[in-house]
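Below you'll find the structure, written out as structure tokens, and then a few comments.
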Amino acid sequence: MPASPSAAPDPSRDVATPQPPGTDARVTVARLLAQARAQGLDRLDATLLLGHVLGVGRAWLLAHDDAPVETSAAGRFAGACAQRQAGVPLAYLVGEREFHGLSLRLTPDVLVPRPDTETLVDWAIEWLQGPLAALPHPAVADLGTGSGAIALAVARACPRARISAVDCSAAALAVARANGERLGIDVQWLQGDWFAPLAGRRFDLVLSNPPYIDADDPHLAALHAEPRLALTPGPDGLAALRQLAHAAPAHLGPGGVLMLEHGHGQGPAVRALLARAGLEVLGTRRDLAGHERCTAGRLRGPTRDAGGPLAYPDGTVNHAMGEE
Ligand SMILES: C[S@@+](CC[C@H](N)C(=O)[O-])C[C@H]1O[C@@H](n2cnc3c(N)ncnc32)[C@H](O)[C@@H]1O
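With the sequence shown counted from 1, adding 1023 to any position gets you the working numbering.
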């Protein structure tokens, strides 16, 4: 902590005034930030890390750059800077990240949600507010939910949707569930392998940002702090995308849509996977950098309307589509 916010520099204070216990007059906010910069840390990262260690905001730091910092806090800041320089994401060190306007708590058990994934969320919300607007409670699944980023962002934007979110990692699911509880957003959290916990259920919209980096991709090394399970499905980067495309038709309702995030070079392959699964390819959306990032496919036939069936000719009953 800073000596205390009330220990902010007092212009009337005599230079000979004793420092608060545990502080060294030479260790100030400005000095710690300058040291971090000199060691090569990004200015914003250094400011956010020091603010996190001291429990104060950036505005306080800017206004109190000559405030003394307790020796123990300076030590914790140095440790956090070293981790950041070793490639640990800032989001793990400060314990949170903003995604689609939501503040999500994160641990190293979950992938740090990327801005690219907001492309998928935006498309899903457009679909819910467009073609699915007539459904009082569209059924949505988020497969490989991690921190719950996609499920929570879609649920917040579209509270009438009934959302089920799946992850095979119990630790990830605990993070997602805690985020949902803290934000007061209702999502059904289920542990298991992709569609397995959703056996016998069909959805109007299935969303997924699965692991899609080849295990031998050299870029993976820079992501060493994030769970490998979240990043790569193994030697074939398309493995999880292929599994999802193959299984989706059995879990889509009439006109139901599968939307997949994928690597920027995987657009043609994912369109082919969706077509091979018998889905009508709706197209591919690009991320903010202009790379192909999300591809969607739709089960052929009319989109379910508000009075549409909950049961299917093969006897499947859609428990998720719980229209009142
Ligand atoms: C790329 S991360 C996406 C996390 C989050 N949806 C996001 O966009 O930030 C992929 C997630 O899929 C999960 N996952 C990997 N294999 C899985 C499987 N076979 N079944 C269910 N989830 C799986 C991982 O645990 C991880 O949380």
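Built from N, CA and C at the ideal position, the CB exists for glycine as well. Given the structure is predicted, the values throughout are model-derived calculations rather than measurements.
### Task
Kindly indicate the opening and closing residues of the beta strand (DSSP E) around ASP967.
Here the chain has residues from 1024 to 1347 only, and residue 967 is not among them.
#### Entry: ARG1137 beta carbon less than 8 Å from that of LEU1127
LEU1127 is not a Cβ neighbour of ARG1137, given a cutoff of 8 Å.
### Task
Helix, strand or coil for GLU1249, going by three-state DSSP, please let me know.
DSSP places GLU1249 in coil when its eight states are reduced to three.
### Query
Is it the case that the Cβ atoms of PRO1258 and ASP1237 are separated by a distance below 8 Å?
In terms of Cβ geometry, PRO1258 and ASP1237 form a close pair [threshold 8 Å].
### Message
By the DSSP assignment, the beta strand (DSSP E) with ARG1185 in it spans what residues?
### Response
Start and end: 1185-1190.
### PHE1100 (DSSP reduced to helix, strand or coil)
Here PHE1100 sits in helix by DSSP.
### Close Cβ partners of ASP1310 (< 6 Å) along its chain, the five nearest in sequence each way excluded
If the five residues before and after ASP1310 are omitted, its C-beta is found closer than 6 Å to the C-beta atoms of ASP1139, THR1142 and ARG1316, all from its own chain and listed in chain order.
### Message
Let's test the definition: count the other Cβ atoms within 10 Å of the Cβ of HIS1287 and tell me whether it reaches 16, buried, or not, exposed.
### Response
Exposed, because fewer than 16 other Cβ atoms sit within 10 Å of the Cβ of HIS1287.
### Message
Can you confirm whether the segment 1214-1224 touches the segment 1152-1159 when touching is taken to mean that 3 or more C-beta pairs between the two stretches lie within less than 8 Å?
### Response
Contact fails: fewer than three Cβ-Cβ distances are below 8 Å.
### Message
Determine whether the beta carbon atoms of GLY1063 and ALA1245 lie at a separation below 8 Å.
### Response
No, the Cβ-Cβ distance between GLY1063 and ALA1245 is not below 8 Å.
#### Entry: Residue range of the unbroken beta strand (DSSP E) whose run includes ALA1319
Bounds of the beta strand (DSSP E) holding ALA1319 are 1315-1321.
### Query
When DSSP builds the beta bridges, which residues end up paired with ARG1299?
In the DSSP output, where bridge partners are listed per residue, ARG1299 has none listed.
### Query
Less than 8 Å separating the beta-carbons of LEU1072 and ALA1105?
With a cutoff of 8 Å on beta-carbon distance, LEU1072 and ALA1105 are scored as not near each other.
### Query
Counting pairs of beta carbons, one from the segment 1226-1233 and one from the segment 1268-1283, are three or more of them closer than 8 Å?
In this structure the segment 1226-1233 lies against the segment 1268-1283, because at least three pairs of beta carbons, one per stretch, are closer than 8 Å.
### Query
Do LEU1129 and VAL1198 come within 8 Å of each other at the CB atom, strictly closer than that value?
It is a contact, given that the beta carbons lie within the stated cut-off.
### Message
For LEU1134 and ALA1253, what's the separation of their Cα atoms in angstroms?
### Response
Roughly 6 Å separates the two Cα atoms.
### Task
Look up PRO1277 in the DSSP assignment and say whether it is helix, strand or coil.
Strand.
### Task
Compute the minimum distance between the beta carbon of TRP1083 and the heavy atoms of ligand 1, and state whether it is under 7 Å.
Within 7 Å of the C-beta of TRP1083 there is not a single heavy atom belonging to ligand 1.
### Query
Closer than 7 Å: is that where the CB of THR1318 sits relative to any heavy atom of ligand 1?
Checking the Cβ of THR1318 against ligand 1 gives no.
### Message
Under 7 Å: does the beta carbon of LEU1134 sit that close to some heavy atom of ligand 1?
### Response
At least one heavy atom of ligand 1 is nearer than 7 Å to the Cβ of LEU1134, so yes.
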